Every structure is written in structure tokens, then in C-alpha cells.
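Working notes, beginning with the structure itself.
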Amino acid sequence: MTISIIDSGGANIGSVVHALGRLGVESVLTRDAEEIRAASHVILPGVGVAASAMAALREAKLVEVIRSLTQPVLGICLGLQLLYESSDEGGVECLGILPGRVKRLAGGEGLRLPHMGWNRLSWRQDDPLARGLEGSEWFYFVHSFAAPTDHAVATAAHGQTFAAVVRHGNFAACQFHPEKSAGPGARILRNFLGQPR
Amino acid sequence: MVAVRIIPCLDVRDGRVVKGVRFRNHRDMGDIVALAERYRDAGADELVFYDITASPQKRSVDVEWVERVAAAIDIPFCVAGGIRDVATARAVLHAGADKISVNSPALERPDLVTELADAFGSQCVVVGIDSIRDGDELRVRQYTGDPDNMVDPRRDTASWVDEVQRLGAGEIVLNCMDADGVRTGYDIDQLAAMRKRCRVPLIASGGAGAPEHFLEVFQQADVDGALAATVFHSGQIAIPDLKAWLSDHDVQVRV
């Protein structure tokens, strides 16, 4: 198993490497197209701003590389949002693997933004990532923008309902941070690594 | 619905966890990683590490222990102390911290908050505010990690709460200094007043001494998280018991 973590220039990418390390799995942080294509599993992490992450991916000529990947790919947080056509965060065109536009959370009375903290999911259909989960687990979220629920296998709510886990063939993604979500997050990562190339 | 957060705060000095009373008389509490793992296992929702010597001595936070913590625990944590530029913040975040918290350096140069938010997104940027009662007023204090060098930056707490949000803060930790370390409860009046001005998450700090204090601060000041040190370090309050008790009182907690 060779795991590539795409370096999109965002913050705290190191924590994904550490989380995989705790599972006994080595990974490399990379922008190298050949290395990413050759990996058995690819993770697209990200804390940061959609426009700057897309600029980093374009500069590294990784947009087409990512779109054409056939092995299991897991987007995390901003990595989920980048899978969509576009984002309101900087008005930027994204990877376009999933249709739709990422929009700012509306917020409202008693709803703080960013949506920061532990929240639960509402699973809408089964998914390999959900194996071994009961459905009532808590996951750690931190974000101000969110994706539509059309391709969501699980949603979460912060005033409005948004995509928490999405699936499109070999591409999956979580809006929460599995690497920071204690035991249930580790289970999600193990399930991802358990998917064959 | 997002759960309220129970946040043990670990004051760090020279790579060890310490705790003082009213910011003085620091006692050694143990190894950072051992304590971090203990709190993770107990169900802490997040950890905050304050390098209490970095800011007054104008030193940067030591990235080595950040890396050790990040390798060990799988819950979010925030690092504070001596982060005064984007490059240092980047090093701390790349070492595996989820958020960085700025306090004295933001008072030195408020634009720092905007620079950090532009570089990493507001969700990574916490502003810590040390607030003290001065007659009828709430005033900000700077360099509180070193009482001999503490400074009055001539700002009132309310206007600083407003300004840091405008500058791009994604969360505010309000440390009520009069209550800190004396375990007589959070400063509910002050926190409730600042809550009204605060559209980003607000974390209460200073004064926790009993489970009732946590219930009060969530119910009466509507904060998003409650930070405490002494009661957790001493073992006086066990986090699993506290969360179960809060849950019994209809506070949404992660259990």
C-alpha cells in the first residue's frame, strides 16, 4: 500500500500524516504527478482557502491528474469542497468531479460561524466508509463553506443541512476531519484504506 | 447540533505542563504528551496548549513538542504563545496543530490577525483575550504569562472583541483574569455580555471549580466551549463524569 497525500499548500496537512502513522501506515506528502498516479490510495486534505488551494493544484499541474485518478481518493474538509464545480470562497472554479457549487453557510440566530466543533451525521445510504459505525458517532468539523447534499451519503446540520460524506465512484470525501475525530475518525480512515485499488 | 466543548488547558513552560494560581507560582504538572493522551482518553473535546513563557520573552513557540502532541492524539488542539508572524504560525500548523491562538502579539500588531486569516482561513485563527475588571470597566491585559512584565495595552475588552472579529478571528477565548485559578465559577456576567457581541465561537476561560460552574456558563452565557485547567489537572473533576452530568442536565455534549 502506497499512500499519497496531495500537498495543496494548506495548513495542518501534517495531522493526516500523523493519523495514518497511528494506524501503522506510512504516507508521503507530494505534488508529484507520477507519485500520485502510482499510489494505491490518494488523500486530498486541506484547511485553508479554496482559491489558494486551487491555485496551488493548478500551478503543480495536478487538476487533470486528480480528475483522472481511478484508485480510491479521499477528500478531507476543503478537499471535499474542491471536488465540486466551483466555490463561493474566492469565486473559484474547482475540480468539477461532482456537480454543484460550494456556498457559505448561512448561519443565523445562535449559529456561530465557522461551524466549529463535534457534530453527528445523518447517514442516507450505506457506504464502504461507514463500515463498523453505528451512526450516532461524533465527528470534528471546522468550516464556513459547505457543499450541496445531492451526492451526500451522509449529511450534517448547522442550521441548514449540508454534505458531510460524499461518494462518486472511487472519489469519496468528508467535510469533517477524520484525522481529528478520535476513534470514529480512525475507523473512517481504516475503512478508506481497506478499499482495494 | 454541534456539541459544547470541554477543553482542558495545558500551560507549557520549557516543554512541561505547569499551572499557577492567578498566573503566578507555577507548579510542574507533568509531561505534555502523557497529559494530552490522558485527556484524550477521558473524552476531552479539544486541548489548548499555552506556551506561557514564549510571548513575554519574545520567543517563538517550540515546534518540537507540537509535533510530539500531533503524533500522539487524534482530537483537535490549539497552540498559543509567541506566534507573531505567518511563518511561525505555518510551522506550528504544519507540525499538526489545528489552530493557533494569538494574544499579546495581536495587541502589538492587530494586522497580524488578518494576515493569519488570509493565509490559513479564519477557522485556524483564535484570538485569546485576557480581561480584567477595573472598577466598572473590563480592560485587556498583555504579557500576562509574566506578571512582572504585564502591560496595560489601553484597550477595553468589548471593543477588542469587536475588532478582532473584524480583523478575521475565527474564535475567541475570553480569559477572565479575576476568576482565573480561584475556582469560584466563570465570570458569567462578563461572558454573557461578550457573547452578545461575538458571532464566532466563544470559549469561556477562568474560574471553573465545580460541575455546576460548567452548567451555568453553558446555560447562562451560551458559550461554545469551557476551558479549565486546575480542576482537571488535580483530578477534582473527571471529564467523563462531568459530561455525563451535563448531559443529564440537557446540555449537548459528545459522549
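Residue numbers (this note's numbering), protein chains in the order written: chain A, 6 to 202; chain B, 176 to 430.
A virtual CB, placed ideally from N, CA and C, is assigned to each residue, including glycine.
These numbers were taken from a predicted model, which means no experiment stands behind them.
DSSP three-state assignment for residue i, whether helix, strand or coil
| i | result |
| --- | --- |
| C184 (chain B) | strand |
| F181 (chain A) | coil |
| D305 (chain B) | strand |
| V52 (chain A) | strand |
| A419 (chain B) | helix |
| G296 (chain B) | coil |
| I258 (chain B) | coil |
| H23 (chain A) | helix |
| V336 (chain B) | helix |
| G122 (chain A) | strand |
| S409 (chain B) | coil |
| V164 (chain B) | Outside the displayed range of chain B (176 to 430) lies residue 164 (chain B), so it cannot be described from this structure. |
| G174 (chain A) | coil |
| Y145 (chain A) | strand |
| T228 (chain B) | coil |
| H156 (chain A) | coil |
| T75 (chain A) | coil |
Option in the options with minimal Cα separation from residue i
| i | options | result |
| --- | --- | --- |
| G14 (chain A) | A:E64, A:A177, A:P189 and A:H23 | A:E64 |
| L62 (chain A) | A:S92, A:L116 and A:A38 | A:A38 |
| C179 (chain A) | A:R202, A:H148, A:G19 and A:R36 | A:H148 |
| E158 (chain B) | B:S279, B:R265 and B:A413 | A question about residue 158 (chain B) goes unanswered here, because the residues of chain B that appear run from 176 up to 430. |
| E94 (chain A) | A:A151, A:R36 and A:M121 | A:A151 |
| R358 (chain B) | B:S334, B:A383 and B:A368 | B:A383 |
| M121 (chain A) | B:V179, B:R370, B:D397 and B:D416 | B:V179 |
| A246 (chain B) | A:F197, A:L25 and A:A111 | A:L25 |
| V170 (chain A) | A:V54, A:H163, A:L138 and A:T154 | A:T154 |
| V430 (chain B) | A:V78, A:I48, A:R36 and A:S141 | A:S141 |
| G164 (chain A) | A:A111, A:R195, A:E40 and A:V70 | A:A111 |
| V70 (chain A) | A:S9, A:N196 and A:E31 | A:S9 |
| M204 (chain B) | B:D355, B:T405 and B:V375 | B:T405 |
| L185 (chain B) | B:V315, B:V244, B:E338 and B:C373 | B:V244 |
| V78 (chain A) | A:H46, A:S92, A:P201 and A:S32 | A:H46 |
| G96 (chain A) | A:A135, A:A55, A:W123 and A:L49 | A:A55 |
| R109 (chain A) | A:T166, A:N124 and A:E40 | A:T166 |
| G190 (chain B) | B:S297, B:Y225, B:A217 and B:D216 | B:Y225 |
| D309 (chain B) | B:P322, B:T332 and B:A419 | B:T332 |
| A217 (chain B) | B:C253, B:G410, B:Q395 and B:Q427 | B:G410 |
| N278 (chain B) | B:C373, B:P328, B:M369 and B:I414 | B:P328 |
| H388 (chain B) | B:M369, B:K418 and B:C373 | B:K418 |
C-beta atoms of residue i and residue j nearer than 8 Å
| i | j | result |
| --- | --- | --- |
| A44 (chain A) | Q76 (chain A) | yes |
| L88 (chain A) | I102 (chain A) | yes |
| N350 (chain B) | G320 (chain B) | no |
| D399 (chain B) | L377 (chain B) | yes |
| F445 (chain B) | P251 (chain B) | For chain B, the structure presents residues 176 to 430; residue 445 (chain B) sits outside this window and is missing. |
| G256 (chain B) | C299 (chain B) | no |
| I227 (chain B) | V187 (chain B) | yes |
| V236 (chain B) | I207 (chain B) | no |
| A168 (chain A) | L126 (chain A) | no |
| L210 (chain B) | V223 (chain B) | no |
| M6 (chain A) | V30 (chain A) | yes |
| A270 (chain B) | V302 (chain B) | no |
| G106 (chain A) | E90 (chain A) | For the sequence presented, residue 106 (chain A) should be read as Arg rather than Gly. Yes, Cβ-Cβ distance for R106 (chain A) and E90 (chain A) is below 8 Å. |
| H182 (chain A) | I81 (chain A) | yes |
| V375 (chain B) | L118 (chain A) | yes |
| A347 (chain B) | P386 (chain B) | With the sequence shown as reference, residue 347 (chain B) is identified as Ile, and Ala is not the correct amino acid for it. Cβ distance not < 8 Å, so I347 (chain B) and P386 (chain B) don't count as in contact. |
| V261 (chain B) | E283 (chain B) | no |
| G53 (chain A) | G343 (chain B) | no |
| L165 (chain B) | L402 (chain B) | No answer is possible for residue 165 (chain B): it lies beyond the span of chain B, which begins at 176 and ends at 430. |
| G190 (chain A) | F144 (chain A) | yes |
| I307 (chain B) | D353 (chain B) | yes |
Exposure of residue i, with buried meaning 16 or more beta-carbon neighbours within 10 Å
| i | result |
| --- | --- |
| D220 (chain B) | buried |
| H23 (chain A) | buried |
| K274 (chain B) | buried |
| K194 (chain B) | buried |
| H173 (chain A) | exposed |
| G19 (chain A) | buried |
| A294 (chain B) | buried |
| N324 (chain B) | exposed |
| P133 (chain A) | exposed |
| E239 (chain B) | exposed |
| Q317 (chain B) | buried |
| E312 (chain B) | exposed |
| G199 (chain A) | exposed |
beta-carbon residue i near the ligand ADP non-hydrogen atom, thresh 7 Å
| i | result |
| --- | --- |
| E242 (chain B) | Looking at this structure, you won't find the ligand ADP or any other ligand, since it has none at all. |
Short CB-CB distance (under 8 Å) between residue i and chain E
| i | result |
| --- | --- |
| K108 (chain A) | Looking for chain E here will not work: the only protein chains present are A and B. |
Notebook entry, point to check: What are the uninterrupted segments assigned as alpha helix (DSSP H) that are 4 or more residues long and contained completely in the region 340 to 396 of chain B, given in chain order?
Noted result: 363 to 370 and 386 to 395
Note to self: Extract the residue ranges of the beta strand (DSSP E) inside the region 82 to 106 of chain A, only unbroken runs of 3 or more that lie entirely within it.
What the structure shows: 89 to 92
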